[in-house]
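Just below is one structure, and these are the notes that go with it.
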Amino acid sequence: MAQVKLQNINKIYKNGYHAVHDFCLDIKDGEFMVLVGPSGCAKSTTLRMIAGLESITSGDLHIGDKHCNSVLPKDRGIAMVFQNYALYPHMTVRQNLAFGLETRKKSKEEIHRRVTEAAELLEITELLDRKPGQMSGGQCQRVALGRAMVRKPEVFLFDEPLSNLDAKLRVSMRMRISRLHDELKQSGKPATMIYVTHDQVEALTMGDRICVLNRGAIMQVDTPMNLYHKPVNKFVAEFIGSPTMNMLEGKLIKTESNKMAVEVDGHLFELPEAKQARAEQYNSHEVFLGLRPEHINIGEASNSCEAKITEVEEMGSESFVYLNFAGKQLICKYVNPDIALCKQSMHQIYFNMDKCHIFDRSTEENIFIPTE
0 MAQVKLQNIN KIYKNGYHAV HDFCLDIKDG EFMVLVGPSG CAKSTTLRMI AGLESITSGD
60 LHIGDKHCNS VLPKDRGIAM VFQNYALYPH MTVRQNLAFG LETRKKSKEE IHRRVTEAAE
120 LLEITELLDR KPGQMSGGQC QRVALGRAMV RKPEVFLFDE PLSNLDAKLR VSMRMRISRL
180 HDELKQSGKP ATMIYVTHDQ VEALTMGDRI CVLNRGAIMQ VDTPMNLYHK PVNKFVAEFI
240 GSPTMNMLEG KLIKTESNKM AVEVDGHLFE LPEAKQARAE QYNSHEVFLG LRPEHINIGE
300 ASNSCEAKIT EVEEMGSESF VYLNFAGKQL ICKYVNPDIA LCKQSMHQIY FNMDKCHIFD
360 RSTEENIFIP TE
């Protein structure tokens with residue numbers, strides 16, 4: 000059993016800095032959990048507390064059925080993969096993979112079997128007699144992953160393992176790690192994986208669930224698609240998704256036709272029927288109107304308004320169009336190749352209000368997702 004439970008975990012350093020605030024998270028047996036957030040949000044600190052490399056100021060950590068606050072790292076049933084590989088440069092790949100097993104007094108037959116299995120699964124068999132200095136970054140990272148695998152841990156911990164790799168290798172390695180998780184589950188030997196990254200693309204493509212952190216506190220824990228489509232607050236909405244969600248300052252008002260709308264710089268954007276009742280509870284509130292780039296369209300509609308194109312980034316199958324509307328910059332995903340767009344030209348744009356998000360200006364909470 001490899002459930003990981005963090006209950007009211009706090010980390011306060013000797014200088015008084017409160018890095019982690021009442022962190023509560025239940026990670027299921029065999030789950031792939033991603034901790035994501037900007038630099039300095041304490042995601043690596045949290046991972047290091049799970050590993051036993053950082054002390055816990057208060058709260059309780061359970062791995063499986065064991066209370067682990069004071070358990071030594073080597074006795075926690077975990078294996079950690081670091082950003083910088085942490086391979087022994089004077090050893091071959093085979094020796095690096097075997098070293099941890101040798102220190103645990105495993106038999107030569109057991110060591111050979113585990114090293115061979117890991118090498119085959121990670122496709123590094125031909126590298127077994129090389130040393131780290133003779134390999135690429137991607138190959139070294141696979142060896143680091145193999146070194147964790149041979150220990151057969153119940154919990155894998157990954158601390159930004161792909162950040163030193165180029166873009167192509169990152170894609171390849173994240174697919175390999177995800178595939179490893181699936182293969183272990185299908186083999187009947189599931190492993191819980193906790194993965195730290197600042198890259199929200201990695202988070203969205205790898206995690207069963209994602210824990211979004213900011214300043215040492217949990218903002219939201221949910222599936223990748225729920226985070227994208229149902230962010231509970233402005234921080235999550237802007238952090239998850241690339242390009243980021245557009246935000247416009249406005250006010251919720253009731254129109255002469257008795258409909259709720261968002262007023263932005265004199266423009267009225269009426270909300271759809273499904274959002275009316277909830278919005279009415281926030282009548283006259285200052286709000287942020289949030290729209291994903293794919294929900295801003297170029298063309299005319301009932302709620303269209305004029306905006307100036309300031310920049311166009313051609314991405315092949317689509318373009319990112321930067322617009323100036325009411326003195327604010329908006330980003331639109333444009334997928335119509337038949338209409339050429341020129342910088343500094345004026346165009347009508349309209350918003351897909353069925354997909355909009357409204358965040359209360361004072362709390363920054365999404366008013367359409369009531370908090371429990």
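All residue numbers for the sequence shown refer to numbering that gives the first Met the number 0, where the first residue is 0 and numbers rise by one.
Backbone N, C-alpha and C define an ideal beta-carbon position, used for all residues, glycine too.
Cβ-Cβ separation between V142 and L179: approximately 14 Å, too far for a contact (criterion under 8 Å). Here I123 is actually not in contact with V231; their C-beta atoms are around 42 Å apart, not less than 8 Å.
When C-beta atoms of the stretch 284-298 are compared with those of the stretch 244-254, three or more pairs fall below 8 Å, so the two segments count as touching.
Taking K332 as reference, the option from G132, A325, V311, K342 with the minimal CA-CA separation is V311.
Beta-bridge analysis with DSSP links L156 to M79, I193.
According to DSSP, residue pairing for Y349 in a beta bridge involves N296.
In this structure, DSSP gives R208 an extended state, which the three-state scheme calls strand.
F157 is positioned such that its CB atom lies closer than 8 Å to that of V195.
If you draw a 10 Å sphere on the C-beta of D221, you find 16 or more other C-beta atoms in it, and that means buried. Of the residues I110, D165, G206, A118, the one whose Cα lies closest to the Cα of I26 is G206. Just so you know, the alpha carbons of A18 and L121 end up roughly 36 Å apart.
Taking a contact as a CB-CB distance under 8 Å, the pair V92 and L127 counts as one, their CB atoms being some 5 Å apart. In the DSSP secondary-structure assignment, K10 is bridged to V19.
Counting along the chain, G99 sits inside the alpha helix (DSSP H) bounded by residues 92-102. The beta carbon of V80 sits closer than 6 Å to the beta carbons of A143, L144, A147, F157, P160 from its chain, once the five residues preceding and following it are set aside; these are given in chain order. Between L71 and I217 the beta-carbon gap is near 27 Å, outside 8 Å, which marks them as no contact. Collapsing the DSSP output to three states places L120 in a helix. In the DSSP annotation of this structure, the continuous segment of the alpha helix (DSSP H) that includes Y227 starts and ends at 223-228. Short of 8 Å from the beta carbon of P88, and not among the five residues preceding or following it, lie these beta carbons of its own chain, in chain order: K130, P131, G132. In chain order, L251, I357, D359, I366 place their CB closer than 8 Å to the CB of Y281, counting only its own chain and leaving out the 5 sequence neighbours on each side. A Cβ-Cβ distance of about 5 Å is found for the pair V154 and T191, placing them in contact under the 8 Å criterion. A306: member of the beta strand (DSSP E) spanning 304-313, first to last residue. Excluding sequence positions up to five before and after I110, its CB lies within less than 6 Å of the CB of A97, L100, all in the same chain and listed in chain order. Short of 7 Å from the beta carbon of G298, and not among the five residues preceding or following it, lie these beta carbons of its own chain, in chain order: Q347, Y349.
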